[in-house]
Amino acid sequence: MDLSIVIPVYNSQKSLNLLVTKIIDNLIDISFEIILVDDGSIDNSFNEILKLSKENENILGIKLDKNYGQQNATFCGIVNSSGKFIVTIDDDLQHPVECIEKLFKSIKEGYDVCYGIYTYSDSSVRKAGSLMRDFLFNYLIGKPKGIDISSFRVINRDIVNKIKKCDYKFINISAQILKETKNISNLKVEKEPRLYGNSGYNFKKLLSLYLKTALYYSKFSFYPEKFKKGKAYKIESKTE
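Numbering of the sequence shown is given in the UniProt record's numbering, commencing with residue 1 and proceeding in unit increments.
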């Protein structure tokens, strides 16, 4: 199988059918699976996942027993993937699905990871979050200059197999990637409009995410390794 497409899902029942349809329509000549990880949604997201998985044998649905956060839910999907390359994409339809194939072609040029990076950000909260993230990754984690990160990316299997060994209670996928490789490229992509709902992140949640990332991954962190260990997620059920 060429691609495993991992999608962390939180209260996204309205967008899932369209998202999955767009993925299937855009990956005609590539073998793939879609892994939908329900991260403790309180709407009918998992019922929609069950419906989609019954309609398409290439869809795997996973339901976590509670909300662990986007990073840990993505990690769960990565651990349960089987493709040669793994794509991670958000559930809100703002990542351009038609660029998955472009990311796939880019990583096959010899990179370990390729990130899809928006040409702009239209949210003041997101801009503030990007400034915090850039400071954290540039100065505290050691991201190479000229490389940007996002949740829209493709990762090769060698790096995935290393990431899967992480035994932290909290996972930051990009920070974990940077522990394993700096052979990374970027691809500029256009941000799609949000069709349903609002972002699950506000300034407080972004600040909490980046403080936790600094605690677990900063090269200056004094947080003992033994306190980082634990279960990153627990699966309640899977589709067959």
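Heads up, the beta-carbon is just placed ideally off N, CA and C, and yes, glycines get one too. Predicted, not measured: the structure shown is a model, and the values here were computed from it.
Quick one: using the 10 Å Cβ neighbour count with 16 as the cut-off for buried, is residue i buried or exposed?
i, result
"Tyr-139", "exposed"
"Tyr-120", "exposed"
"Ser-208", "exposed"
"Pro-193", "exposed"
"Leu-27", "buried"
"Leu-131", "exposed"
"Thr-88", "buried"
"Thr-74", "buried"
"Glu-55", "exposed"
"Ala-39", "For the record, residue 39 in the displayed sequence is Asp; it is not Ala. Asp-39 should be labelled buried."
"Ser-237", "exposed"
"Glu-240", "exposed"
"Glu-33", "buried"
How many whole angstroms separate the CB atoms of residue i and residue j, which I take to be in contact at a CB cut-off of 8 Å?
i, j, result
"Glu-48", "Leu-16", "5 Å"
"Ile-59", "Val-154", "About 19 Å; that fails the 8 Å criterion."
"Arg-133", "Tyr-217", "Wrong, their Cβ atoms sit about 12 Å apart, outside the cutoff."
What is the DSSP secondary structure of residue i, counted as helix, strand or coil?
i, result
"Cys-166", "coil"
"Ser-106", "helix"
"Phe-203", "helix"
"Ile-141", "helix"
"Lys-231", "coil"
"Gln-71", "helix"
"Arg-133", "helix"
"Asn-17", "helix"
"Val-94", "Contrary to the premise, residue 94 reads as Gln rather than Val in this sequence. The answer is coil: DSSP assigns Gln-94 none of H, G, I, E or B."
"Glu-57", "coil"
"Gly-77", "helix"
"Asn-172", "coil"
"Glu-192", "coil"
"Thr-213", "helix"
"Lys-51", "helix"
When DSSP builds the beta bridges, which residues end up paired with residue i?
i, result
"Arg-153", "Thr-88, Tyr-115"
"Phe-46", "Answer is none; Phe-46 lacks a bridge partner."
"Glu-33", "Ser-4"
"Asn-186", "Tyr-115"
"Lys-63", "Asp-38, Ser-237"
"Val-9", "Asp-38"
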